[in-house]
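These protein sequence lines map, in sequence, to chains Z and G.
Per this note's numbering, residue -11 is the first one in the first sequence, and the count goes up by one each step.
Per this note's numbering, residue 2 is the first one in the second sequence, and the count goes up by one each step.
Glycine included, each C-beta is placed from N, C-alpha and C at the ideal position.
Note sheet for the following structure.
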Amino acid sequence: MNEDLGLWSVLLAVIGGAIRVSTPFLFVSLGETITERSGRINLGLEGTLVFGAMSAYGTAVLTNSPWAGVAVAALSGAAFGLLHGFVCRLPRVNDVAVGIALMLFGSGLAFFLGKPFIQPSAPPLPAIPFGFWSSLPQVRAALQVNVLFLAGAALSLVLWWAFRNTKAGLIVRVVGDSADAARAMGYDVDRVRLYATATGGALAGIGGAYLSLYYPGSWNEGVSSGQGLMAVALVIFARWNPLACFGAALLFGGAGALGPALQSVGVSQGYYLFYAAPYVLTLALLIATSSPDRALAGAPGELSLSK
Amino acid sequence: MTARSFSRRYLLGGAGALSLGLLPFGRARAAGALTVGFIYVGPKDDYGYNQAHAQAAKALKGMPGLEVIEEERVPETKAVEKTMESMINLDGATLLFPTSFGYYSPYLLAEAKKNPKIQFRHCGGLWSEKDPKNAGSYFGYIAQGQYLNGIVAAHASKSKKIGFVGAKPIPQVLNNINAFLLGAQSVDPSITCQVIFTGEWSLAVKEAEATNALIDGGADVITCHVDSPKVVVETASRRGAFVCGYHVDQSPLAPQKYLTGAEWNWLPIYKDFIAAMQAGKVPQNFVRGGLADGYVRMSPYGPGVSEAAAKNADAVKAEMMKGGYAIIKGPLKDNTGKEILAAGTAYPEKAAELESTNYLVAGVKGSV
């Protein structure tokens, strides 16, 4: 069982890490894409993610069903989204500030309610062994793909298609690009944004369920380590495109696996630098794709970022 | 994150300061009772480092004439100074136990200078005669536990590769890594140990990735030195590897795969400090001890431990119980080939050199 794979094991670990670590990034960034496409920013998704992780874990412990946990996480995420959307429709309320408040509120509430769930073990979500064809345990481990990862991948494709081709997608986009145009067409801008934020929250909650019920697969207060915030930044990096979100989430997941994998093959100097790889990567890509002449390509016109 | 600094104690502290300003004698305190403050860096039920301290604090709570106050999740920043000050000024604590490594310098030392009447005892710091006399430190030689872990791991390992998830390359962590491997090599000298540092005391995703990377690299027994070993224990057992625990007993998390574990037992140390305070004396400034002193203990053996392994570990444990056991003894080289100790010399358990370890012994794959 102990064949030495050498540097191949780094590549394998990065692929495996991309599959294992990327799912929360993917769900949060897809959720945020929907919200931002409707013209609002919800910075509170970090709090929603942490609360989703806690509520999913707690529900799974109590009911012994991980899927009930996912459902509760989605519902509580939607509730946070509704709260954000509801507060933001009041006059002269800044969505960024509300988001930061909800981020602190969500994490704090999750820490408070999650106290009794740090110790017990919850049943994990099932994974599909796509590596069955290989005799190498490393390959088999890397290709243990969780159902939620596949759901996220499918969802990014569906969203990409829906934003272009469905009525709902077009309504969200017109509300996000020009509130005046949407009103002239007879759409209730605030209601569309409310629903978009709630959907975004629900997806972030599912991302949290993945954290606590699959990987790393336990609830503690440091379980997200800022992934929700990074995922919100990912949306800008992915230019509000669901397919690009998928790619960016994979990239971040894989980059995060690089540090431990390199140490395991003996590259042990400067691991702090390898751990910074995802952030360096973001900086480099943002600089490479930036332009002094035009606004962010693909940015919804109503976003307070681009206004 | 900003959420951390905005703690409950801040609010309470602010409200308390306000009411004190309005009513100078607003708070009466039970005369004669000793108030002891515990400060933890993480949640106190983390299946790890903080839980080990909190268990001792909980056991103290029943003692007469003693009030125990606690605060969790205090970062290793200026925030711990604020926590200490509020425990001193608002709660009337006269003996403080800030338990995390990073609290000591400069935060605890600064507060000790500022509050000469308050006693500070820190877990893990290296107190010396130059430091304030009202400060001090205590620690257990838990590397002995990791040595015994190593012996049991060597008997369980088929691949002859064992793995260690470390947080930061500080002396205590390096001692544990060295002891884990030396224990294993005492059974089979061909065993090697791969180490992966995560860079932080608690980073769930990175710890899971590190555990996976170790197992992908062929390791089949894993142990760790992070604040909360829960993620490492669960990830390793899901991958089918054996685990040795750390800090507290984690066997409920992996009943089949848990071999044994190195646990803290802080209660005797805290009881001694408190007894000294209650007798009106200054508690000891520098306390160290291992298995023989009862500051460290081992988890019961799991089902994966063979009879031969248990016998071997028990025999070494009996040696350690006599006191003065030396894990680091010559001839010994580090993993870059430099000599650490010549033949015939040794660092027994109370050697001061062990608190400034900056090497990994030969056979450990990794670098400081």
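Quick check on residue i: does DSSP put it in helix, strand or coil?
i	result
T154 of chain Z	coil
D176 of chain Z	coil
D165 of chain Z	helix
E130 of chain G	coil
E(-9) of chain Z	Any reading at E(-9) of chain Z is ruled out, since the residue's pLDDT is 48, under 50, leaving its predicted position unreliable.
K162 of chain G	strand
L78 of chain Z	coil
L175 of chain G	helix
V297 of chain G	strand
N313 of chain G	helix
L67 of chain G	strand
K318 of chain G	helix
P107 of chain G	helix
V336 of chain G	Checking the sequence, you will find Asn at residue 336 of chain G rather than Val. Three-state DSSP puts N336 of chain G in coil, outside helix and strand.
Check whether the Cβ atoms of residue i and residue j sit closer than 8 Å, and answer yes or no.
i	j	result
S300 of chain G	S252 of chain G	yes
A265 of chain Z	L246 of chain Z	yes
A129 of chain Z	G4 of chain Z	yes
F121 of chain G	A113 of chain G	yes
A214 of chain G	S252 of chain Z	yes
L61 of chain G	Y271 of chain G	yes
W228 of chain Z	A287 of chain Z	yes
L297 of chain Z	G32 of chain Z	Residue coverage of chain Z in this structure runs from -11 to 295, which leaves residue 297 of chain Z outside it and unanswerable.
R25 of chain Z	F151 of chain Z	yes
G214 of chain Z	G40 of chain Z	no
P304 of chain G	Q257 of chain G	yes
G290 of chain G	G141 of chain G	yes
L147 of chain Z	P230 of chain Z	yes
M278 of chain G	P269 of chain G	no
L199 of chain Z	V211 of chain Z	yes
E73 of chain G	G49 of chain G	no
For residue i, which residues from the same chain have a beta carbon less than 6 Å from its beta carbon, with the 5 sequence-adjacent residues on both sides left out?
i	result
N313 of chain G	I152
V233 of chain G	V166, E208, T212, C225
L63 of chain Z	none
S160 of chain G	G219, D221
A310 of chain G	V153, H156
L109 of chain G	P99, F121, H123
A57 of chain G	W267, L268, Y271
R298 of chain G	E264, N266
Considering only the alpha carbon of each residue, which of the options lies closest to residue i?
i	options	result
E34 of chain Z	Z:A197, Z:W55, Z:L231	Z:A197
D315 of chain G	G:H248, G:N150, G:F181	G:N150
E209 of chain Z	G:L35, G:K45, G:V37, G:T36	G:K45
R240 of chain G	Z:I22, Z:G216, Z:V223, Z:G205	Z:G205
T100 of chain G	G:V81, G:E68, G:K366	G:V81
F118 of chain Z	Z:P111, Z:N134, Z:F74, Z:G27	Z:N134
G193 of chain Z	Z:P12, Z:V(-2), Z:R8	Z:P12
L254 of chain G	G:E264, G:W265, G:T236, G:L268	G:T236
G246 of chain G	G:K258, G:Q257, G:V188, G:G262	G:G262
N286 of chain G	G:V317, G:M88, G:F98	G:F98
V223 of chain Z	Z:I22, Z:P112, Z:A56, Z:T277	Z:I22
G103 of chain G	G:F181, G:G93, G:I40	G:I40
L0 of chain Z	Z:A243, Z:A85, Z:F234	Z:A243
S(-3) of chain Z	Z:R8, Z:A56, Z:L250	Z:L250
L127 of chain G	G:A352, G:Y360, G:K231, G:K366	G:A352
A205 of chain G	G:P190, G:G164, G:V227	G:V227
Got a sec? Which residues, its chain only, sit under 7 Å from residue i by beta carbon, not counting five neighbours each side?
i	result
L238 of chain Z	A6, S10
G325 of chain G	P349, E350
F93 of chain Z	G35
F225 of chain Z	A236, T270, L273, L274
S43 of chain Z	V60, A61, S64
L143 of chain Z	L18
N116 of chain G	I89
P170 of chain G	F198, V369
Taking 8 Å as the limit between beta carbons, can you name the residues of its chain near residue i, skipping five residues before and five after?
i	result
V162 of chain Z	A169, A170, M173, Y175
A29 of chain G	For A29 of chain G, the predicted model reports a pLDDT of 43, less than 50, meaning its position is unreliable and no value from the coordinates is stated.
F74 of chain Z	L182
L395 of chain G	Examination of residue 395 of chain G is not possible in this model, given that chain G is present from 2 through 369 alone.
Throw me the rounded Cβ distance for the residue i and residue j pair, which I believe falls under 8 Å.
i	j	result
A185 of chain G	I328 of chain G	That belief does not hold up - the Cβ atoms of A185 of chain G and I328 of chain G are roughly 12 Å apart, past 8 Å.
L201 of chain Z	P54 of chain Z	5 Å
T95 of chain G	I119 of chain G	6 Å
S158 of chain G	I192 of chain G	7 Å
V249 of chain G	A53 of chain G	5 Å
A48 of chain Z	A110 of chain Z	4 Å
Y148 of chain G	A180 of chain G	4 Å
> Going along the segment 191 to 211 of chain G in order, which residues come within less than 8 Å of chain B, judged by CB to CB distance?
Replying inline: No chain B appears in this structure, whose protein chains are Z and G.
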